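From first to last, the protein sequence lines stand for chains A and B. Counting in the numbering used here, the first sequence runs from 1 upward without gaps. Counting in the numbering used here, the second sequence runs from 1001 upward without gaps. Since the structure comes first, as structure tokens, the remarks are kept for the end.
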Amino acid sequence: MTLLRLAWRSLLNRRSTVLLTVFTIGLSIALLVMVEQLRTDVRQGFYRSVSGTDLIVGARTAPVQLLLNTVFGIGTPGNSISHESLEHIEAQRMVEWTIPLLIGDSHRGERVIGTTGAFFEHYRYADRQPLELAAGETFTDLFDVVIGHQVARRFGYSVGDEIHLAHGGGNVSLHEHEEHPFTVRGVLEPTGTPVDRNLYIPMNAYGVIHVGWESGVHRPGSGLDADEAREHAHEHEPEEISAVLVGLTAPAAVFGLQRSLNDYEAEPLTAVMPGITLQQLWRLTGVAELVLRAVAILVVITGLLGMVTVLLTTLNERRREMAILRANGARAWQIAALLVFEAGLIVLGGLVLGIAMALGAIIALGPWLLDVFGLAVGVTAPEPWQWAVLGGIFLVGLLVALVPAIMAYRRTLADGMQVRL
Amino acid sequence: MNAVLAIDSLRFAWPGEDRPVLDIDAFSVAAGEKVFLHGPSGSGKSTLLAAVGALVVPQSGRIELCGSDLSTLSRGGRDRFRADHLGVIFQQFNLLPWLDVTANVTLPCRFSRVRARRAGNAEAAARQLLSAMDLEESLWQRRADTLSVGQQQRVAAARALIGQPELVLADEPTSALDADRRDRFLDLLFERVEVAGSALLFVSHDLALGARFDRVVELPEINRAGVAA
Chain A
1 MTLLRLAWRS LLNRRSTVLL TVFTIGLSIA LLVMVEQLRT DVRQGFYRSV
51 SGTDLIVGAR TAPVQLLLNT VFGIGTPGNS ISHESLEHIE AQRMVEWTIP
101 LLIGDSHRGE RVIGTTGAFF EHYRYADRQP LELAAGETFT DLFDVVIGHQ
151 VARRFGYSVG DEIHLAHGGG NVSLHEHEEH PFTVRGVLEP TGTPVDRNLY
201 IPMNAYGVIH VGWESGVHRP GSGLDADEAR EHAHEHEPEE ISAVLVGLTA
251 PAAVFGLQRS LNDYEAEPLT AVMPGITLQQ LWRLTGVAEL VLRAVAILVV
301 ITGLLGMVTV LLTTLNERRR EMAILRANGA RAWQIAALLV FEAGLIVLGG
351 LVLGIAMALG AIIALGPWLL DVFGLAVGVT APEPWQWAVL GGIFLVGLLV
401 ALVPAIMAYR RTLADGMQVR L
Chain B
1001 MNAVLAIDSL RFAWPGEDRP VLDIDAFSVA AGEKVFLHGP SGSGKSTLLA
1051 AVGALVVPQS GRIELCGSDL STLSRGGRDR FRADHLGVIF QQFNLLPWLD
1101 VTANVTLPCR FSRVRARRAG NAEAAARQLL SAMDLEESLW QRRADTLSVG
1151 QQQRVAAARA LIGQPELVLA DEPTSALDAD RRDRFLDLLF ERVEVAGSAL
1201 LFVSHDLALG ARFDRVVELP EINRAGVAA
């Protein structure tokens, strides 16, 4: 098409300004795409972690808090529930499996979770994938620890290494369970969930290492030695656990069970459905997301306005060009169309550049995000509505270009063929 | 009838002004005729060219171009008409600086199917005209703004002539040239106008050029609106 080729040549002529404009729009598009992509990835990341869990049961607390604390290690651990409650849950019809979780200790800032072999057997992530071992095996001894992929990677641990756990959370461990070193027995494959950053020990070991710690600090001379502990491990089955993940034989049973657990009289419990609780969480974070989106949209608008400014300022110096075009047969609307085409090419360039920059940044930052935040980001094809937004931006770009285009149209009509400088 | 351009009782005033700039009873240019239109500045030369070019619409009177009354045409129709039947050369800065020389010459063929059809292969026609206008082949792919003023005027002439328009309007095309180059330019322009069979309406204040034309018309004599005070 003639006009499009002319528009292209005209842009090439002003390539420095045009490139800057394309870059400005590109940056704004990149921001928008990244915000959207990260938003989606964060949400998916959360869903990944609870894909196989029907209910999470803990002490009476806010559902979002229970979910964040037990699965994602966000916030401080709440109260515990009694072992009897766990047994009560296990005894329910339709309950297929339970994974008890004990939370509270840490190792070099990462969470140490006490659980049972059921965890490795029943826990599911992403598309209901089971956990796989990258090396070693699951619990064979009381003082075994199975570590997440990132724990192994960051601290350089491999099967057979001995590590010490710290009492309580945090990075600086003032009180270590020095008397009970643990042996790395297995390393899990990466999952892109908080599992990668956790260390798992047998639930009973949790009980054992806390003998003598009843007051919160270690009472000198108390505690069990390792062999003694192994022998009496079953006696140290912890009396309290932090939370239970529950899987059901029939998903439809979840509502009934949730209600009955929430009404459980022996102990105040909170049972939450992870998916629904995440929905509640999104409602909370929705405002922040909205603000982020609004900022991104505003930046895009700024970029487009910048383009119009550039087109408007060139309008004066291009008055002669327009007169030449007109004298050689260009109709007034064709001159207006020329400007719209130029804007279209600029916005298109900005869109392509922006998407490329956003995807490039996501690919480049991906490993770091996974490392620091345990956030699995990936390049996913934009959803139809996201394409629609990008297409909408293109259209808005053409639309705002109508301002200089209409001005050029009027001017060419008024100027006619007279070229005045 | 073989008049390319026929003006009858033309009156034109710029919007918002009472005094007309043009008040011409009759003026015509025959097919293939080379007419020199002489007039001092302010005598309405540019306005007359704009009217002939159908860029402004007179308040009364007729302008017939190639047998069509311009006032009966719609705005788009006038644009198409201009593209099809007129070649234009300005005083200077005729070319789009960001196009190469050849693309500048073929420009009218992009906007007019009639001109494109008559030119046949636009690129070939452009090359032929460029060499006829004495422009070396090494210049053809250069950006237009890298050429000298004289070269640019010859490119503009080649462009005005591509696709053999019935009428070529030239608005002081030699005023930026020195005497030697001016004569050379006129030689080439005349030659090509004759080959194309186009009429030429050449506007200038430099009466010395007039002798070479078929006819010299003094604009103040035909324009009763007179010289601006």
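Think of the CB as a built atom: it goes at the ideal place given N, C-alpha and C, for glycine as much as any other residue. If you're wondering where the values come from, they're calculated on a predicted model, not measured in any experiment.
Candidates the options: closest to residue i by CA position
i, options, result
"Asn204 (chain A)", "A:Leu188, A:His164, A:Ala229", "A:Ala229"
"Val1105 (chain B)", "B:Val1149, B:Gln1091, B:Ala1160, B:Arg1080", "B:Ala1160"
"Phe1012 (chain B)", "B:Ala1050, B:Arg1212, B:Val1193, B:Pro1040", "B:Ala1050"
"Val18 (chain A)", "A:Ala376, A:Pro384, A:Gly350", "A:Gly350"
"Gly58 (chain A)", "A:Thr412, A:Glu84, A:Phe155, A:Ile324", "A:Glu84"
"Arg15 (chain A)", "A:Ala166, A:Glu342, A:Trp385", "A:Glu342"
"Arg1078 (chain B)", "A:Glu383, A:Val208, A:Ala327", "A:Ala327"
"Val1004 (chain B)", "B:Pro1015, B:Gly1016, B:Ser1028", "B:Ser1028"
"Gly275 (chain A)", "A:Gln92, A:Thr115, A:Phe182, A:Val64", "A:Val64"
"His122 (chain A)", "A:Thr98, A:Asp41, A:Gly186, A:Leu4", "A:Thr98"
"Val35 (chain A)", "A:Ser82, A:Gly286, A:Ser51, A:Leu311", "A:Gly286"
"Leu424 (chain A)", "B:Asp1025, B:Asp1084, B:Asp1134, B:Ser1112", "Absent from the model: residue 424 (chain A). The displayed extent of chain A is 1 to 421, so no value can be given."
"Ser82 (chain A)", "A:Ile147, A:Ser242, A:Ser260", "A:Ser242"
"Gly1163 (chain B)", "B:Leu1073, B:Gly1061, B:Gln1091, B:Ala1116", "B:Ala1116"
"Ala126 (chain A)", "A:Val42, A:Phe255, A:His236, A:Ala401", "A:Val42"
"Gln92 (chain A)", "A:Val246, A:Val291, A:Ala134", "A:Val246"
"Ala1126 (chain B)", "B:Ala1156, B:Ala1208, B:Asn1223", "B:Ala1156"
"Asp105 (chain A)", "A:His164, A:Leu6, A:Leu298, A:Ile393", "A:His164"
"Gly26 (chain A)", "A:Ala401, A:Leu402, A:Arg283, A:Phe394", "A:Phe394"
"Val427 (chain A)", "A:Gln334, A:Met322, A:Leu298", "Not covered by the structure: residue 427 (chain A). The range shown for chain A is 1 to 421."
"Leu188 (chain A)", "A:His180, A:Ile209, A:Ile147", "A:Ile147"
"Trp282 (chain A)", "A:Val244, A:Tyr264, A:Thr40, A:Leu86", "A:Thr40"
"Trp368 (chain A)", "A:Pro238, A:Arg153, A:Ile56", "A:Arg153"
"Glu1017 (chain B)", "B:Phe1202, B:Ile1024, B:Gln1059, B:Leu1177", "B:Gln1059"
Presumed contact (8 Å Cβ cut-off) between residue i and residue j, rounded CB distance
i, j, result
"Gln129 (chain A)", "Ile362 (chain A)", "Between Ile362 (chain A) and Gln129 (chain A) the Cβ distance is about 23 Å, and since that is not below 8 Å, they are no contact."
"Gln150 (chain A)", "Arg197 (chain A)", "5 Å"
"Leu315 (chain A)", "Met407 (chain A)", "6 Å"
"Gly1087 (chain B)", "Pro1165 (chain B)", "4 Å"
"Glu1218 (chain B)", "Gly1039 (chain B)", "7 Å"
"Val1114 (chain B)", "Asp1084 (chain B)", "4 Å"
"Met273 (chain A)", "Leu55 (chain A)", "6 Å"
Alpha carbon of residue i to alpha carbon of residue j, nearest angstrom
i, j, result
"Gly1042 (chain B)", "Ala1225 (chain B)", "11 Å"
"Arg410 (chain A)", "Pro404 (chain A)", "10 Å"
"Gly145 (chain A)", "Ala226 (chain A)", "According to the sequence displayed, residue 145 (chain A) carries Val and not Gly. Roughly 15 Å separates the two Cα atoms."
"Met307 (chain A)", "Thr21 (chain A)", "6 Å"
"Ala250 (chain A)", "Met94 (chain A)", "6 Å"
"Pro194 (chain A)", "Leu338 (chain A)", "54 Å"
"Gly136 (chain A)", "Met357 (chain A)", "40 Å"
"Gly1210 (chain B)", "Thr313 (chain A)", "42 Å"
"Pro1015 (chain B)", "Ala381 (chain A)", "57 Å"
"Arg1082 (chain B)", "Leu1070 (chain B)", "10 Å"
"Ile346 (chain A)", "Phe1093 (chain B)", "27 Å"
"Leu102 (chain A)", "Ala296 (chain A)", "41 Å"
"Ala376 (chain A)", "Val340 (chain A)", "41 Å"
"Glu1136 (chain B)", "Leu1130 (chain B)", "8 Å"
"Ser158 (chain A)", "Val352 (chain A)", "44 Å"
"Glu1064 (chain B)", "Arg1075 (chain B)", "15 Å"
"Val1216 (chain B)", "Asp1187 (chain B)", "17 Å"
"Tyr206 (chain A)", "Leu348 (chain A)", "59 Å"
"Ala1228 (chain B)", "Arg1019 (chain B)", "Unreliable positioning characterises Ala1228 (chain B) in this predicted model, as indicated by a pLDDT of 48, which lies under 50. A coordinate reading is not provided."
"Leu982 (chain B)", "Val291 (chain A)", "The structure shown has nothing for residue 982 (chain B), since chain B only spans 1001 to 1229."
"Thr302 (chain A)", "Val389 (chain A)", "16 Å"
"Leu248 (chain A)", "Asn262 (chain A)", "17 Å"
"Ala1031 (chain B)", "Gly1197 (chain B)", "8 Å"
"Leu257 (chain A)", "Gly392 (chain A)", "46 Å"
Neighbouring residues, chain B, relative to residue i (Cβ below 7 Å)
i, result
"Gly329 (chain A)", "Arg1082, Ala1083, Pro1108, Phe1111, Ser1112"
"Glu321 (chain A)", "Leu1096"
"Arg9 (chain A)", "Trp1098, Leu1099"
Closer than 9 Å at the beta carbon, the chain B residues around residue i
i, result
"Thr314 (chain A)", "Within chain B, no residue comes near Thr314 (chain A); the closest Cβ sits about 12 Å away, beyond 9 Å."
"Thr2 (chain A)", "Arg1110, Phe1111"
Under 8 Å from the C-beta of residue i: neighbouring residues of chain B
i, result
"Thr17 (chain A)", "Simply none; closest approach about 13 Å."
"Leu311 (chain A)", "In chain order: nothing, as chain B lies at least about 15 Å away."
"Leu12 (chain A)", "Trp1098"
Interface partners of residue i on chain A, CB under 8 Å
i, result
"Asn1094 (chain B)", "Ile324"
"Arg1159 (chain B)", "Asn328"
Interface partners of residue i on chain A, CB under 7 Å
i, result
"Gly1076 (chain B)", "Arg331"
_Restricting to runs no shorter than 3 residues, where is the beta strand (DSSP E) found entirely within the stretch 80-114 of chain A?_
Listed in chain order, the beta strand (DSSP E) runs fully inside the stretch 80-114 of chain A are 95-107, counting runs of at least 3 residues.
*Could you pull out every unbroken alpha helix (DSSP H) segment of at least 4 residues lying fully inside the stretch 220-278 of chain A, listed in chain order?*
Taking 4 residues as the shortest admissible run, the stretch 220-278 of chain A contains the following complete alpha helix (DSSP H) segments, listed from N- to C-terminal end: 226-231, 254-262.
*asked:* Extract the residue ranges of the beta strand (DSSP E) inside the stretch 130-202 of chain A, only unbroken runs of 3 or more that lie entirely within it.
replied: Here the runs fully enclosed are 133-136, 144-147, 182-188, 199-202.
*Output the residue ranges of the beta strand (DSSP E) runs that lie fully inside the stretch 1081-1168 of chain B and measure 3 residues or longer, sorted by chain position.*
Taking only runs of at least 3 residues, the beta strand (DSSP E) segments lying wholly in the stretch 1081-1168 of chain B are 1086-1089.
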